[in-house]
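Per my numbering, the very first residue in the sequence shown carries number 18; after that it's consecutive. Quick reminder that beta carbons are idealized off the backbone N, C-alpha and C, glycines included. Computed from a predicted structure; not experimentally measured.
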Amino acid sequence: MAAMLAEPPGTLEDSTASLTELRRPGLVGRLEGWSPEGGLSGWACAWPLHAQAAPLRLHLVLEDLLDPGQRRVIAELMAVQARPDLLALGIEQPCGFRFWWGPTHPLPPFSQGLVLRVLAEGTGTELPGSPLRLDAATHGRIEHQRRHGPIREGALTQLQMPLLHGWGRGAEPLQLRLDGGTCLPIAPPEPLPEGPWPFQLLLPAALADGAVHHLQLETAAGLVLDQRFELLPFHLTPWAALQRHARPPFPDELSPLARERYRSLRTWLAWADTYGTPLPPDLPLLQRLLELPLPRTEGAPVAVGPSEPGPDGSATTRQPLRLPIAADPRVSIVIPVHNQYGVTRRCLAAIAYAPTRIPFEIVVVDDGSSDGTAEALAADAPGVRLIRHDFARGFNQACCSGAAAARAPVLVLLNNDTEPCAGWLEELLDPFERWADTGLVGAQLIYPDGTLQEAGGIVWGNGEPWNYGRGGNPHDPRVAYARQVDYVSAAALAIPLELWKRIGGFSPEFSPAYYEDTDLAFKVRQAGHTVRYSPLARVIHHEGLSCGTDTAATSGLKRFQAVHGPVFQQKWAAAFEGSREPGHAAAETIKDRGILGRALCLDQETPRPDRDAGSHAALVEMGLLQELGWKVTLLPLNLAWLASYSEELQRRGIELIHAPFVLSLEAFLRERGREFELIYLTRHTVAAQALPLIHRYAPQARLIFCNADLHHLRQLRAARAEGLEGDAARRALEAVEEVKRQELAVMREVHLTFSYSEVERAVIEAETLGEAATAPCPWVVQGPEASAPLEGRSGLAFLGSYGHPPNRDAVEAFLVQVWPLLLEQRPELRLHLYGSGLDDSTAARWGAEAGVIVEGWVADPATVYARHRLFVAPLRSGAGLKGKVVAAAAHGIPQVLSPLAAEATGLRHGQEVLVARSPDDWCQAVLRLDSDDDAWRAMGAAAFTYARDTWSRERGLGLMADALARLDLPHRRPA
């Protein structure tokens with residue numbers, strides 16, 4: 018693994034120092050100073066101390082006290098470094114930080130007023146020891162460090178198991194700390210050289226366990242010089258050598274493709290557990306065939322024999338493969354083959370091994386094989402349709418023959434030297450369902466060593482094709498999202514059969530092979546469709562087994578790659594776009610076809626739309642930008658990859674930035690900030706952190722700020738609902754004023770502020786005296802074609818994220834003030850509470866109330882709106898538009914709302930909803946809609962119609978297009 022940037026901790030000079038002197042509101046710590054050897058160092062952790070507390074984020078700020086306008090955020094720091102010297106003070110968690118100036122960090126000319134401050138993120142609390150005065154000498158040394166790097170006395174250079182290499186300087190002994198514990202001494206050589214001296218260290222055999230270990234180079238006094246995380250294998254035999262020289266069964270968990278194998282097995286087991294799906298009947302056979310070395314033959318074709326390697330490697334009779342061939346397929350998988358039957362058999366085994374719910378047929382085209390492929394297929398693969406050419410016509414014509422025999426509406430072409438992975442057909446078909454203009458979809462192709470072969474193709478302005486991403490990491494965010502591309506490889510692609518026939522399939526001028534897939538993609542686009550890459554359709558490709566890899570050969574199909582290049586370039590010269598000079602930097606720009614601009618969206622977390630309405634809103638707003646022609650890149654500040662949530666974003670075509678590929682917003686903006694014409698900020702806390710970095714690294718970007726709701730208004734209402742008095746009320750109002758100041762400061766810095774509420778837009782314009790431009794934020798809700806009927810419904814429902822205080826407060830108040838009154842008059846009533854973020858003790862307390870059923874999190878909120886008779890939203894605090902209320906209206910379920918819940922929706926009392934202001938109002942409204950079927954139907958229908966007109970996708974596109982136009986940004990005309 019790559020070495021991490023060394024950020025060693027400092028040392029506590031006085032171990033008897035009192036923590037009392039180092040405490041500030043919410044934290045304890047100290048800025049310890051700056052030195053040429055150690056940079057800026059210190060430590061900080063949350064107070065009161067807690068071993069499991071999250072590490073503090075800090076801002077390093079440079080100010081000039083003689084010029085108050087000169088204030089810059091230099092860097093974001095994380096207090097996460099080990100500080101064993103703090104144990105004497107009872108501080109066990111890693112909480113140190115260290116910072117070295119680099120060439121990208123600003124440093125203004127020297128001034129007598131320059132100071133450094135370290136402030137806690139969010140609260141702005143300043144560390145003890147801060148500010149730190151920068152005198153002329155220190156300023157000069159920092160400038161030297163910016164230009165030449167930090168002065169270091171040693172570093173780790175290379176790991177060649179079991180030896181670790183590095184260097185030291187000077188006479189002081191060094192030591193290697195292993196996993197924060199044991200230290201191995203490193204003595205300087207004798208005689209001592211003048212400059213650096215190299216060392217190599219034999220690592221203990223106990224570390225060779227196949228796990229990740231932390232290696233830290235220190236001085237004997239404990240000053241950290243370098244550190245890295247390394248995966249230390251328990252053997253050094255390459256996987257290919259194991260397969261060649263060892264005997265089965267092979268340790269498949271060591272395979273570079275172990276993750277994909279496990280993903281298939283896990284999916285089968287999950288389906289069996291959840292849905293009762295039967296496991297493949299010959300799963301052990303399939304596992305064995307896939308873990309064995311790839312059965313390839315060199316030179317003249319070798320006739321297929323009756324045996325193959327068994328479980329222990331000895332010969333065993335070849336068994337038939339029971340493939341799940343469908344009588345009414347949705348997909349026709351066409352596999353062209355020429356000899357190499359062992360490779361074809363393995364491909365069929367991989368198809369059976371990869372879980373899919375898409376019904377398929379398999380058509381194998383035997384293109385003049387002489388090794389007995391046709392006979393072996395007839396015996397081994399019952400149900401597979403076989404088409405035979407008497408002589409080899411080549412890949413192009415073999416695919417056309419298979420397509421002519423296909424019976425399913427979607428044609429999938431698949432090389433026989435491939436191994437599809439779990440869910441591959443679902444992922445190949447997803448873009449057709451997601452984007453109506455899709456005409457051709459290609460898979461992510463992966464080499465057997467786990468590296469990337471292709472993530473969609475680029476055709477440069479000179480007509481030269483490129484496999485984008487070749488040799489890279491298939492999980493890199495740059496290659497892990499769906500996007501429009503120039504072409505996709507015929508090794509694994511999908512196309513509607515009707516379209517294939519309409520454009521004539523593969524063009525005959527590219528027979529027998531090569532450039533037929535690139536030409537097909539250009540014909541698809543010429544017919545008015547798009548070509549897309551689906552990153553989660555993973556297919557392993559043993560490239561070159563069928564046609565070789567030498568384009569200079571005088572025989573074999575590979576030579577036609579060079580022959581057909583000029584033919585393709587002449588045919589499509591007028592269609593080529595972009596740079597005529599291929600290069601990796603330019604590839605990052607032109608890889609995204611069909612876009613008008615690039616937008617960066619910043620939020621606190623990865624959206625989870627089944628958990629909170631804010632996530633739904635984020636997805637809607639990013640989707641509207643995409644429909645208007647923008648590529649969207651999302652960076653959540655927590656940089657978390659959240660499995661299915663993250664994968665769904667990638668399916669949507671959103672480039673999701675996550676760790677470890679990016680470790681901070683600053684690092685990302687430093688590298689790519691100039692790329693974006695638009696930056697879309699969500700939440701004022703996110704914007705406050707991001708704006709100084711944006712001004713530094715992306716000054717060209719236009720800025721839209723979506724605050725969702727006015728947080729200070731929400732806090733003010735919450736304080737009033739609690740009935741605070743005295744000092745508590747004063748502190749609450751001071752907090753409201755501070756949040757208000759922060760929100761308005763952000764709004765003054767951006768070009769446009771979105772708000773869902775007309776009331777809140779008026780507040781913003783009044784508070785900023787019109788300085789902050791505002792616009793209505795689009796909200797889109799997709800309801801059913803018709804609301805569910807009344808029959809079968811029962812009970813009241815509330816849905817919300819209970820991590821959001823207004824939702825918890827609403828339920829608490831409703832259970833005390835309203836629910837007992839309702840039960841007195843209608844004891845059979847039931848209240849169903851849905852939503853995430855509810856702790857066990859609160860759930861148990863609420864569930865103990867008569868008639869209350871705590872349902873908890875629900876995967877599909879639509880089931881809530883279809884199952885119950887009434888939806889209630891008794892909110893007493895909050896602000897902005899309430900997503901749950903909008904969604905309920907879109908599903909046609911009548912609602913009883915508090916005035917605050919109805920705010921900003923436009924839903925009218927007595928027309929689309931009932932608004933209750935007192936406990937008596939609540940009782941009357943609930944009992945009326947619970948007993949009057951005609952009133953229920955009328956109100957549900959009115960709400961359904963209002964929602965369809967007010968929160969339609971068409972209206973949302975119009976609002977987003979208007980906002981882009983106000984900022985002079987391009988957009989497609991909404992349909």
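### Query
In whole angstroms, what is the alpha-carbon distance linking T547 and A453?
When rounded, the distance between both Cα atoms is 9 Å.
### Message
On the DSSP letters alone, give me the boundaries of the alpha helix (DSSP H) that Y714 sits inside.
### Response
From DSSP, the alpha helix (DSSP H) with Y714 extends over 701 to 714.
### Spatial distance of P987 from A904 (CA atoms)
One alpha carbon belongs to P987, the other to A904, and they sit about 31 Å apart.
### Close Cβ partners of G854 (< 7 Å) along its chain, the five nearest in sequence each way excluded
Contacts found: S818, Y819, G820.
### Task
Could you please give the first and the last residue of the uninterrupted alpha helix (DSSP H) stretch that includes P448?
441 to 451 is the span of the alpha helix (DSSP H), which, as asked, contains P448.
### Query
Shortest alpha-carbon distance to R495 belongs to which of L240, L73, K648, D226?
The shortest Cα separation from R495 among L240, L73, K648, D226 belongs to K648.
#### Entry: Span of the beta strand (DSSP E), counted from its first residue to its last, around T199
Unbroken run through T199: none, as it is neither H nor E.
#### Entry: Top-ranked residue by Cα proximity to P273, from A289, L307, D243, L77
Nearest option by C-alpha distance: L307.
### Whole-angstrom C-beta distance between A460 and R555, which should lie under 8 Å
Between A460 and R555 the Cβ distance is about 7 Å, and since that is below 8 Å, they are a contact.
### Query
Cβ atoms of P148 and R134: under 8 Å apart, would you say?
Cβ atoms of R134 and P148: closer than 8 Å.
#### Entry: Length of the line joining the Cα atoms of L309 and R335
Straight-line Cα distance between these residues: approximately 14 Å.
### Task
Determine the DSSP secondary structure at R610, reduced to helix, strand or coil.
In the three-state reduction of the DSSP assignment, R610 falls in the coil class, being assigned neither a helical nor a strand state.
### Query
With C-beta atoms as the reference, is R1070 less than 8 Å away from A422?
Residue 1070 lies beyond the residue range present for the chain, which begins at 18 and ends at 992; the question has no answer from this structure.
### Query
Taking the alpha carbon of N655 as the point to measure from, which residue in Q667, R668, S681 has its own alpha carbon closest?
Selected option, being the one with the closest Cα: S681.
### Query
Would you report the Cα separation of T568 and N484, rounded to the nearest angstrom?
Bear in mind that the predicted position of T568 carries a pLDDT of just 49, short of 50, making it unreliable; the figure below should be weighed with that in mind. Cα-Cα distance, rounded: 16 Å.
### Query
To the nearest whole angstrom, what separates the beta carbons of G486 and A472, a pair I think is in contact under 8 Å?
About 4 Å; that satisfies the 8 Å criterion.
### Task
Give the DSSP-derived three-state secondary structure of L730 in the structure shown.
Secondary structure at L730: helix, using DSSP grouped into helix, strand and coil.
### Query
How about L840 and A803: are their beta carbons less than 8 Å apart?
No. Outside cutoff.
#### Entry: Backbone CA spacing between A332 and E325 [nearest angstrom]
Looking at the two C-alpha atoms, the distance is approximately 5 Å.
### Query
Thinking C-alpha only, which one of L710, R89, S774, A705 is nearest E138?
Of L710, R89, S774, A705, the residue nearest in Cα terms is A705.
### Query
What is the DSSP secondary structure of N655, counted as helix, strand or coil?
Note: N655 maps to coil in three-state DSSP.
### Task
Count the other C-beta atoms from every protein chain shown that fall within 10 angstroms of the C-beta of E235, then say buried if there are 16 or more, exposed otherwise.
Buried is the call here.
### Task
Give me the Cα-Cα distance between N413 and V382, rounded to the nearest whole angstrom.
Spanning the two alpha carbons is a distance of roughly 11 Å.
### Query
Can you tell which of G400, D388, D384 has its C-alpha closest to the C-alpha of F377?
Measuring from the Cα of F377, the nearest candidate turns out to be G400.
### Message
Out of R669, I696, A391, A538, which one is the CA nearest neighbour of D447?
### Response
When each option's Cα is compared against that of D447, the closest is R669.
### Query
From L39 to A602, what distance separates their C-alpha atoms?
Distance between L39 and A602, taken at the CA atoms: about 48 Å.
### Task
Express the C-alpha separation of P878 and R115 in angstroms, rounding to a whole number.
Approximately 46 Å, taken between the alpha carbons.
### Message
Could you tell me the alpha carbon to alpha carbon distance between Q98 and E688, rounded to whole angstroms?
### Response
The straight-line gap from Cα to Cα measures roughly 25 Å.
### Query
Can you give the beta carbon distance from L813 to L931, rounded, assuming they're within the 8 Å contact cut?
That belief does not hold up - the Cβ atoms of L813 and L931 are roughly 13 Å apart, past 8 Å.
### Neighbour-count burial assignment, A745, 16 or more Cβ in a 10 Å radius
Answer is exposed; the Cβ neighbour count stays below 16.
### Message
Could you compute how far the alpha carbon of L786 sits from the alpha carbon of A933?
### Response
Near 35 Å, if we compare the C-alpha coordinates of A933 and L786.
### Task
Drop a sphere of 10 angstroms on the beta-carbon of L727, count the other beta-carbons inside from all chains shown, and report buried for 16 or more, exposed for fewer.
Here L727 is buried, its C-beta having at least 16 other C-beta atoms within 10 Å.
### Query
So, helix, strand or coil for N356, using DSSP?
Residue state, collapsed to three classes: coil.
### Query
Roughly how many whole angstroms lie between the Cα atoms of A762 and Q667?
Those two C-alpha atoms are separated by around 33 Å.
### Task
Use the C-beta contact count for W51: other C-beta atoms within 10 angstroms, 16 or more gives buried, fewer gives exposed.
Sixteen is the threshold: when 16 or more other Cβ atoms of the shown chains lie within 10 Å of the Cβ of W51, as they do, the residue is buried.
### Task
Would you check if the region 904 to 913 and the region 964 to 973 touch, i.e. whether three or more CB-CB distances between them fall below 8 Å?
Because the criterion of three Cβ pairs below 8 Å is met, the region 964 to 973 and the region 904 to 913 touch.
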